[in-house]
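>
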Amino acid sequence: MPKPSAINHAMQKYGEYLTRHGLKSTVQREIIVNEFLRTKGHLSADELHSRLRVSHSSIGLATVYRTLKILAEAGLAHERRFKDGYSRYEYTGPDGMHHDHIVCVGCGQVEEFENKEIETLQRQEAEKRHFKMLDHKFEIYGICRQCQERGGE
30 MPKPSAINHA MQKYGEYLTR HGLKSTVQRE IIVNEFLRTK GHLSADELHS RLRVSHSSIG
90 LATVYRTLKI LAEAGLAHER RFKDGYSRYE YTGPDGMHHD HIVCVGCGQV EEFENKEIET
150 LQRQEAEKRH FKMLDHKFEI YGICRQCQER GGE
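For what it's worth, this note's numbering labels the leading residue of the sequence shown as 30, then goes sequentially.
1) Does the stretch 82-91 touch the stretch 35-48, meaning 3 or more C-beta pairs lie closer than 8 Å?
2) If you follow the beta strand (DSSP E) that F142 is part of, which residue opens it and which one closes it?
3) In whole angstroms, what is the alpha-carbon distance linking G180 and K157?
4) Give the range of the alpha helix (DSSP H) segment to which V56 is assigned.
5) Can you name the start and end residues of the beta strand (DSSP E) that I169 belongs to?
6) In or out: F65 buried (at least 16 other Cβ within 10 Å) or exposed?
7) Look at the Cβ atom of C136, then the Cβ atom of G171, and state whether they are nearer than 9 Å.
8) Could you check where the beta strand (DSSP E) with A35 kicks off and where it finishes?
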């Protein structure tokens, strides 16, 4: 879970984004954003909605979808689409640290990893081609150990 100072910074950035774009700050959006920021990992709108429904039954799924899109536009969330076709969101963190993903095609487990050598190689390849890299993603798909033990290849 992010530190309280990181959450406060994210909430401030979120508020500034709403103001710049003439959007309202609502209690429901605040609840959604707070829950999202406090959750580690990659959440779909459905998963976040399910978490919220327990204590905030008035929050609709459409509001969760719209709020996640706003967070992505504000630079506070990355939308990820792994091979299962679902959009998942993850908090970018206070410094927007880049990381990559290993995804199990058996159970859907997603693991994050950082590798400076891979990052360097990707930057070098872009530079070699006189390409200004703005963003990138690196994903490895396979079968995790648990799925392999259950007979999944």
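Note that the Cβ used here is the ideal one computed from N, Cα and C, for glycine as well.
If we stick to the structure as given:
1) No, they do not touch.
2) According to the DSSP assignment, F142 belongs to the beta strand (DSSP E) that extends over 139-142.
3) A straight-line Cα-Cα distance of about 43 Å links G180 and K157.
4) First-last of the alpha helix (DSSP H) with V56: 56-66.
5) That run of the beta strand (DSSP E) goes 168-171.
6) Looking at its Cβ environment, which holds 16 or more other Cβ atoms inside 10 Å, F65 is buried.
7) With respect to G171, C136 sits apart: the two C-beta atoms are not nearer than 9 Å.
8) Element bounds for A35: not the beta strand (DSSP E) but the alpha helix (DSSP H), 33-49.
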